[in-house]
Structures are given as structure tokens and as C-alpha cells.
Amino acid sequence: MKLSESVSFNKKTLKVNGLVNLGNYTPEHQKNSKGDHALVLMYQPFQGKWYQALAVFLSYDCASSTVLHKIVIECVILLKKFRYRCHCN
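For the sequence shown, position 33 (counting from the first letter as 1) is numbered 39 according to the numbering used here, and the numbering increases by one without interruption.
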């Protein structure tokens with residue numbers, strides 16, 4: 007999802023919001039860049055009508071397929087660790 011670039015300081019968490027954050031997979035050349043795309047990983051049970059946000063990331067431009075692959079694989083591994091059933095399309 008494309009976003010407007012904006013950086014702000016959160017006084018409650020003492021963190022800067024709006025910079026690229028892809029967790030452990032943030033490319034070195036983007037670490038202090040303003041993010042302009044959001045990536046949200048969601049979970050929906052097979053027979054449920056609800057969704058649960060699992061993770062939110064901020065990237066500059068589209069995240070590379072390599073980074074997306076690593077994030078999704080880590081998410082599936084963590085879900086399975088907590089006994090969630092995963093079917094990825």
C-alpha cells in the first residue's frame with residue numbers, strides 16, 4: 007500500500023516513526039530512509055470471518071522479492087510454532 011512519506015517522534019515509546027523498518031531484513035542502504043509503502047501480514051482462520059494483523063512493515067518503494075520471501079517464511083514458521091495451521095496461496 008502506497009503511503010505519504012512522513013517522519014515523527016513518538017514521545018510515549020521514544021521511537022521515530024516513518025523510517026523504513028523491515029525487521030532483520032531491512033537493507034543497509036534504506037535504514038535511515040523515509041518509508042512510503044506498508045506491508046501488513048494477516049491471518050484468517052479457515053472457518054472464521056475475522057482477520058488478525060500479525061505484522062506491519064514499512065519500506066521505501068516496493069520491498070524486494072527476496073525480503074518478502076524471508077518475511078513470509080519467518081511468519082509461517084512462527085505461526086506453526088504456536089500451532090496455527092497455515093495454508094499459503
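The C-beta atom is built at its ideal place from N, Cα and C for all residues, glycine as well.
Alpha carbon to alpha carbon, how far is residue 28 from residue 15? Along the sequence shown, one-based indexing puts residue 28 at 22. Along the sequence shown, one-based indexing puts residue 15 at 9. Approximately 18 Å, taken between the alpha carbons.
Assuming residue 21 is part of the beta strand (DSSP E), what are its boundary residues? Counting from one through the sequence shown, the residue named residue 21 turns up at place 15. First-last of the beta strand (DSSP E) with residue 21: 21 to 23.
Which residue wins for smallest C-alpha separation from residue 25, given the options 18, 43, 19 and 83? Numbered from its first residue, the sequence shown carries residue 25 at position 19. Nearest C-alpha to residue 25: 43.
Tell me, please, which residues DSSP counts as bridged to residue 40. The residue given as residue 40 occupies position 34 in the sequence shown. Answer by DSSP bridge pairing, in chain order: 25.
DSSP bridge partner residues for residue 59 (one or two, in chain order): Within the sequence shown, residue 59 is the residue found at index 53, counting from 1. Partner(s): 48.
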